[in-house]
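Visitor: Using the numbering used here, read the sequence shown as starting at -11 and increasing by one per residue.
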Amino acid sequence: MIYDVASLLNLSPEMLPGLQPNHALVWWIDRRRLTLPAEIVQTLLNAEEQQRGDRFKFPADRDRYRTSRAILRLLLSHYLSCPADHIPFHYSPTGKPSLPLSYHPMGLQFNLSHAGPMSLYGVMMPNRIGVDLEPQRHVSQLHSIIKTQFSPKIAAQFCQLAPDDAPAYFFRLWTVTEAYLKATGQGLAGLATVNLWENAIAPFGSLTPVTGLPQPWSTLLFEMPESTVGAIALEGKVTKVTICNN
């Protein structure tokens, strides 16, 4: 069944622009603003997704997972011109989902992240995209986390921050690095292998090249509601980034 994606996701039609090569489309969705019926969510998910949702202990976590996956399927169905429940996913060893190339010869890439009531989605073709969002909150022992999870060079740079600035830059660094690692499929084990310090301290809304990598990458940080930081990592040439919300 083909659904009216804009209506279900509380998006105006212009918030679902056409997909062009090297044009990144990103949506942050406040799930509290949706009236997505539970029966539709259930019909959109495949058996594997339903089983994974059932494994969450708390109802809120089950609902967040199921609704976030249903939104992903709806967005992809709009650009694939196919029923949302027919979309097949392949998974990397680290759990990153992707589309079979035979299903979309132009190589549509996508990524998603969710935290609390917010979900973040990104699509681009033909190059990879990663997204992440993190609500800013109190984290104890910031310097210990930086020293154990990131490279010594980043740890040294972080230690030079004024104490009042450290929490905000911690979340910028974590979010932009995780977006890159999600795009590449490395997972959090790769935190210490990449230095995105210059990207973490770049102004919000600035598309910033990543230095020191064999392939061209760029990142963009942006502010979301409720003190949440969003990040996008983009491979290769990027002609435009469009960010929409409901």
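For each residue, glycine too, the CB sits at the ideal point set by N, CA and C. Computed from a prediction, not measured in an experiment: that's the story for all the values here.
How far does the beta strand (DSSP E) with residue 234 in it reach, from first residue to last?
Guide: Numbered from its first residue, the sequence shown carries residue 234 at position 246. Neither: residue 234 is in no beta strand (DSSP E) and is coded neither H nor E.
Visitor: Quick one: which unbroken beta strand (DSSP E) runs of 3-plus residues sit fully inside the stretch 34 to 65? Chain order, please.
Guide: none
Visitor: Okay, do the stretch 166 to 185 and the stretch 195 to 210 touch, 3+ Cβ pairs below 8 angstroms being the bar?
Guide: yes
Visitor: Determine the extent of the alpha helix (DSSP H) in which residue 157 is found, giving its start and end residues.
Guide: Reading the sequence shown from its first residue, position 169 is the one you call residue 157. Run containing residue 157: 154 to 172, per the alpha helix (DSSP H) assignment.
Visitor: Can you name the residues that DSSP bridges to residue 98?
Guide: Residue 98 sits at position 110 when you count from the first residue of the sequence shown. According to DSSP, residue 98 bridges with 111.
Visitor: So, helix, strand or coil for residue 132, using DSSP?
Guide: Residue mapping note: residue 132 aligns to position 144 of the sequence shown, counting from 1. DSSP places residue 132 in helix when its eight states are reduced to three.
Visitor: Assuming residue 220 is part of the beta strand (DSSP E), what are its boundary residues?
Guide: Numbered from 1 along the sequence shown, position 232 holds the residue referred to as residue 220. Note, residue 220: beta strand (DSSP E), 216 to 223.
Visitor: Given 8 angstroms as the limit, is there contact between the stretch 16 to 23 and the stretch -7 to 5, that is, 3 or more CB pairs closer than that?
Guide: yes
Visitor: Which same chain residues, not among the five before or five after residue -10, have their C-beta less than 7 angstroms away from its C-beta?
Guide: If you number the sequence shown from 1, residue -10 lands on position 2. Result list for residue -10: 71, in chain order.
Visitor: Would you identify the three-state DSSP class for residue 123, choosing helix, strand or coil?
Guide: The residue labelled residue 123 in the question sits at position 135 within the sequence shown. Three-state DSSP puts residue 123 in a strand.
Visitor: Any idea what DSSP makes of residue -11, helix, strand or coil?
Guide: Along the sequence shown, read from residue 1 onward, the residue named residue -11 stands at position 1. DSSP places residue -11 in coil when its eight states are reduced to three.
Visitor: Measure from the alpha carbon of residue 162 to the alpha carbon of each residue in 151, 222, 94, 176, then state which is nearest.
Guide: Mapped onto the sequence shown, residue 162 falls at position 174. Out of 151, 222, 94, 176, 176 has the C-alpha closest to the C-alpha of residue 162.
Visitor: Run through the DSSP bridge pairs and tell me what residue 16 is partnered with.
Guide: Translated into the one-based positions of the sequence shown, residue 16 becomes position 28. Partner(s): 108, 233.
Visitor: Here's a check: name, in chain order, each residue in its chain whose Cβ is nearer than 7 angstroms to the Cβ of residue 195, leaving out the five neighbours to either side.
Guide: Start at 1 with the first residue of the sequence shown, and residue 195 comes out as number 207. Answer for residue 195: 206, 208, 226, 229, listed in chain order.
Visitor: Tell me which residues share the same chain as residue 178 and place their Cβ nearer than 8 angstroms to its Cβ, disregarding the 5 neighbours each side in the sequence.
Guide: Residue 178 sits at position 190 when you count from the first residue of the sequence shown. Excluding residues within five positions, the ones whose Cβ falls inside 8 angstroms are 169, 172.
Visitor: With a Cβ-Cβ cutoff of 8 angstroms, do residue 109 and residue 28 count as a contact?
Guide: Start at 1 with the first residue of the sequence shown, and residue 109 comes out as number 121. Start at 1 with the first residue of the sequence shown, and residue 28 comes out as number 40. Contact: no.
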